[in-house]
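**Q** Chains as they are written, first to last, in the working numbering: chain E, 1 to 567; chain Z, 1 to 688. To start, I am sharing the structure in question, which I have written as structure tokens.
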């Protein structure tokens, strides 16, 4: 293999990242669903023919760790020979290396001089894929067949031509085929842009340099990650957390981690976790691995170029048929949005025992998934929307947690109220931060949010899949826990908000499917606050006074927790 | 010295940079240039203004006009030194400036802190009112709410002590129905006549409440700073008895009367940067080229812009810092942290990196000898023989080679590279960063940079230009005379320019084209009125554009509407053009799909006569003043002739390698590059 000088290597690395960024920009500007164009819930990636990720641009981190499993599986199942120039493969099967059903990967081989030199890929959350609930987050699903249309790796483009049969199957099974059509075109369009860039690189450097640059970039990130892990004290660290219920039964489901740091390697052993749940809070192996990787990246240097090389020193062990490695036909849609941040927080908490100064207390740990759909009263067209909300982040050794942020496993933007209301018959009554929701501590947890939506059409069908409404984000080193969240409803004419279990008899208050709300009904979504770090007794009085002045902490709480005296 | 009987007519541009304040004057009759330079004084910008005007030796009566580029608004935001903003918004939405868009700057970092908005949470006031997405009032604004607001403001003023207090108002959907915002303004102005009020539907009539609100807050935040700057300039000019008309550069590359700048400070945020691209375009065209990439490289940063067919592109999505946006029209520039002072370092994985940190002016690069310990791009250039230690800033500063060599050798040892290789790698990394910026700005617009000519200026631009174009695959470079003063020159040739927008939602199957026509007429009238208020009296150019997208998409493309009146036909043509634009950018269009029309914009331009520069009088040939070894990657050290730029006559031609020295810059011509000097002293380099 040709040894490439570090400048050229760095140049190629930049070019890979730039190509992925360009894919992202094209996606944002051409896609149809707010979850793409406002939320940016997608990731753009480049893989070598061995299925190792050599380049990515940072859009949605949850997808990056899992993407390599998706690609490896695809290559293994189809074989490299199956790929021809102009092909695009689509794939969302959770049992074939994917993370949950809405996440679709499109993958295109790039050929140069008749040789397959790399793959360009795009993983994105398609917001409606059929199944038992509009928006395809079926919180009461007991098997995958209720979660929507499952696609093994199949071609939707073959040598540049549409594979019409596959398109027709997809568009027949999604509730909002027009959106799916537009979003899939945005995804495929972005692949074409990246393909052009890769061909330019191949033209400039030749396939040999291109290939060995990929290999050397992987080695480079691996090397850096190993030096980072070496800085973490050797030891065995335990932590556990639970999903408060699973949507089908009202019982917690536990994830238990034994984390071993040995020299320059980490072993994350999840085998003691509970058997897989009846409801859709199960994680696929790819999700558990991605959560583990992401947590380790959080406590190490933020500048490590993220590619598959970073993950080599990290080993993830699970047992099939558990909540951290779901087996067919177990449902898994919430595993990627809800269980994922829990898993990640667990890894960070275990590592906090080794490197307290690099860790953070738990963040909200839920995406507050809220799905709705129906017939739009003005256009008469069927619509669905996938809505999420950010929560409080955990405090760290030297600063308060950030308030109302996308959960750690994603990095999506919220949808502006003006965009939401223009598209859907919901009126936003309030979108605010919850005073006192951040866990107290020397450094305070970030605040959770409150959103109140009022139905302004005749009817909207809603579903939810969230967590931490009965449990709380934990604090670290004497810091207190953040406030839990919730999803509540107030029928038209009533005065109080109550849980969906109280009003509609759902088994779980935070996970339910297909409730029909009528005009004038209101929904309140409360996201949890982050945990505090260090004892509240150590918080500076100035910081407490400033929190009170800015209304982040109430006078009553400040007096009770911090001994604050209002003057 | 000016002639006592006959005053000269000098059009003047002044640009306040971080280190120097530059002046360029153009004698309208002779076409001669007057230049001056004075150290900047960031805390009292008027002082440097007085200094540079005095240094120019021009008399007050010589000035025909004066245009200033200033960074006071930008600096106030970056340093958080603006006014105390009271923010008024719709009930339920007071936290929007704090919640922002909920995404974070780094993917994997607990260290990052979410940026604070330019307002405190205690100063946010929610008012009971509501308009829906169609602009219909759901909850009327009551007098009692207005009175509560007055009470709040009164209370804040009592506690404000000596702070400047300003008010920003952003109500939901005010861009569709501004009635409530106007009511609030009238009420506040009656009660608090001296407090400035910024309304979101005027500052940024766009949808997305966070972006519109953030822009409005920024507008209010810098208003007092800008007012006091304008006041300071007025006084300085009075003091100098200088009574010519004067104006400020706007972010959109036009200029603005001082009075309007005070009123709409949000348009002044990039005042200090937009001159560069205007100046770059002028010299690019003077050399005969209209498809240009401008590159303004100074000590700490580098600004890249794209000009297509002589047209500058514009953007409305500027960020003060991550997640604090300003949605106001600005010349589309990308700024990266690459300059002469950018620091070279080795990351934990063993990669060489350059920037974005900069050694700044103090202590500056190692070779300045002011105690700088970290290797910079300037140090690398010096070690490679590309800078003359005795003629830096025309000899005003002596560079020390020994220390720079020592530090670079040390750095190279960590990578197993010798000293020239290391220095070369540093220069290449800096070039690569700038090449990437060029790729991204061109690609974002669907353009291939290889078809473009690079106009390189700023103190460091001409030294790096060839290295950069080689990476991008560009073929040609244009170097303006006095490359360090190109931004100030841009000021003196900038046109009048006013942008006006109207946001309304239509579907292509149901466009009320009468309303569209009437609103366009209204925008045009408003824009023309402003142009004439600014003092423009010629025939203005009007550009109309509509922002469109396919029904269901969320981001728009701007489509130009053909000149002339708006009719059903001209709208149909614009819709057809949208399909073409979409196809061009994204490789597909959807012929049968409904198109949504979102935003209607008018740009009114008042052209000012383009200056006629005085041709060079030098003839014959130029001889190098010396020769010295310069390092090139392929060849190693080569003996390189050194020319003084002022010696080069019109029509001069030479083949590289060569160095061209001048007071404020240095040009490096690589082996086999062909250079040519035109009659105005503009250098063109052809790269193979």
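Yeah, the Cβ is synthetic: ideal placement off N, Cα and C, and Gly gets one too.
Under the three-state reduction of DSSP, which class applies to residue 237 of chain E: helix, strand or coil?
**A** Correct three-state label for residue 237 of chain E: strand.
**Q** Contact defined as beta carbons within less than 8 Å: I believe residue 542 of chain Z pairs with residue 494 of chain Z. What is the distance between those atoms, to the nearest angstrom?
**A** 18 Å between Cβ atoms; not a contact.
**Q** Straight-line CA distance for residue 594 of chain Z to residue 547 of chain Z?
**A** 14 Å
**Q** Name the residues in the stretch 170-185 of chain Z whose C-beta lies less than 7 Å from a C-beta of chain E; which are they?
**A** 172 and 173
**Q** Helix, strand or coil, according to DSSP, for residue 553 of chain E in the structure here?
**A** coil
**Q** Just mark residue 56 of chain E as buried or exposed, buried being the case when its beta carbon has 16 or more other beta carbons within 10 Å.
**A** buried
**Q** Mapping the DSSP letters down to three states, classify residue 20 of chain E as helix, strand or coil.
**A** helix
**Q** Could you round the C-beta distance between residue 424 of chain Z and residue 631 of chain Z to whole angstroms and report it? I think they count as a contact, below 8 Å.
**A** 6 Å
**Q** Go ahead and label residue 321 of chain Z buried or exposed: buried means 16 or more other beta carbons lie within 10 angstroms of its beta carbon, across all protein chains shown.
**A** exposed
**Q** Can residue 170 of chain E and residue 149 of chain E be called in contact, C-beta distance under 8 Å?
**A** Residue 149 of chain E sits close to residue 170 of chain E, with the two beta carbons spaced by under 8 Å.
**Q** When you compare each of Z/128, Z/171 and Z/290 to residue 135 of chain Z by their alpha carbons, which one comes out closest?
**A** Z/171
**Q** Using a Cβ-Cβ distance under 8 Å, would residue 302 of chain E count as near chain Z?
**A** yes
**Q** When the distance is taken between beta carbons, is residue 291 of chain E closer than 8 Å to residue 344 of chain E?
**A** yes
**Q** Among the candidates E/426, E/54, E/537 and E/546, whose CA atom is the shortest distance from the CA of residue 560 of chain E?
**A** E/537
**Q** Is the distance from the Cβ of residue 692 of chain Z to the Cβ of residue 199 of chain Z below 8 Å?
**A** Nothing can be reported for residue 692 of chain Z: it is not among the residues displayed for chain Z, which extend from 1 to 688.
**Q** Given this structure, state the Cα-to-Cα distance separating residue 391 of chain Z from residue 341 of chain Z, to the nearest angstrom.
**A** 18 Å
**Q** Can you give me the start and stop residues for the alpha helix (DSSP H) that residue 178 of chain E sits inside?
**A** Run containing residue 178 of chain E: 177-230, per the alpha helix (DSSP H) assignment.
**Q** How is residue 474 of chain Z classed by DSSP in three states: helix, strand or coil?
**A** coil
**Q** For residue 224 of chain E, go through chain Z and note every residue whose CB falls closer than 7 Å to its CB, in chain order.
**A** 348 and 349
**Q** Specify whether the stretch 90-106 of chain Z and the stretch 210-223 of chain Z touch according to this definition: at least 3 beta carbon pairs, one from each stretch, less than 8 Å apart.
**A** yes
**Q** To the nearest angstrom, how far is it from the Cα of residue 3 of chain Z to the Cα of residue 314 of chain Z?
**A** The predicted position of residue 3 of chain Z is uncertain, since its pLDDT is 37 and thus under 50; a value taken from the coordinates is nonetheless stated next. Answer to the nearest angstrom: the Cα atoms are 42 Å apart.
**Q** Out of E/505, E/304 and E/109, which one is the CA nearest neighbour of residue 86 of chain E?
**A** E/109
**Q** Compare the beta carbon distance of residue 347 of chain Z and residue 486 of chain Z with 8 Å and say whether it is the shorter of the two.
**A** no
**Q** Can you tell me which of the three DSSP states residue 37 of chain E falls into?
**A** helix
**Q** Any contact between the stretch 182-199 of chain E and the stretch 578-588 of chain Z? By contact I mean 3 or more CB pairs, one from each, below 8 Å.
**A** yes
**Q** Residue 631 of chain Z touches chain E at which residues, Cβ-Cβ below 7 Å?
**A** Residues of chain E passing the Cβ test: none, with the nearest at roughly 15 Å.
**Q** Any chance you could list the beta strand (DSSP E) runs of at least 3 consecutive residues sitting entirely within the stretch 538-572 of chain Z, in chain order?
**A** 541-550 and 557-561
**Q** Where does residue 509 of chain E land, buried or exposed, given buried means 16+ other C-beta within 10 angstroms?
**A** buried
**Q** Apart from the five residues just before and just after residue 71 of chain E, which ones in its own chain have a Cβ nearer than 6 Å to its Cβ?
**A** 47 and 51
**Q** Looking at chain E, is there any beta carbon in it that lies within less than 8 Å of the beta carbon of residue 141 of chain Z?
**A** No, residue 141 of chain Z does not count as interfacial toward chain E.
**Q** Put residue 385 of chain E into one of helix, strand or coil per three-state DSSP.
**A** strand
**Q** Smallest Cα separation from residue 29 of chain E: which of Z/677, Z/550 and Z/576?
**A** Nearest C-alpha to residue 29 of chain E: Z/550.
**Q** Using 8 Å as the limit for Cβ to Cβ distance, is residue 415 of chain Z near chain E?
**A** Chain E contact via Cβ: present.
**Q** Use the C-beta contact count for residue 637 of chain Z: other C-beta atoms within 10 angstroms, 16 or more gives buried, fewer gives exposed.
**A** exposed
**Q** Under three-state DSSP, which class holds residue 579 of chain Z?
**A** helix
**Q** Mind checking residue 32 of chain Z: buried by the 16 CB within 10 Å criterion, or exposed?
**A** Counting the other CB atoms within 10 Å of its CB gives residue 32 of chain Z a total below 16, which places it among the exposed residues.
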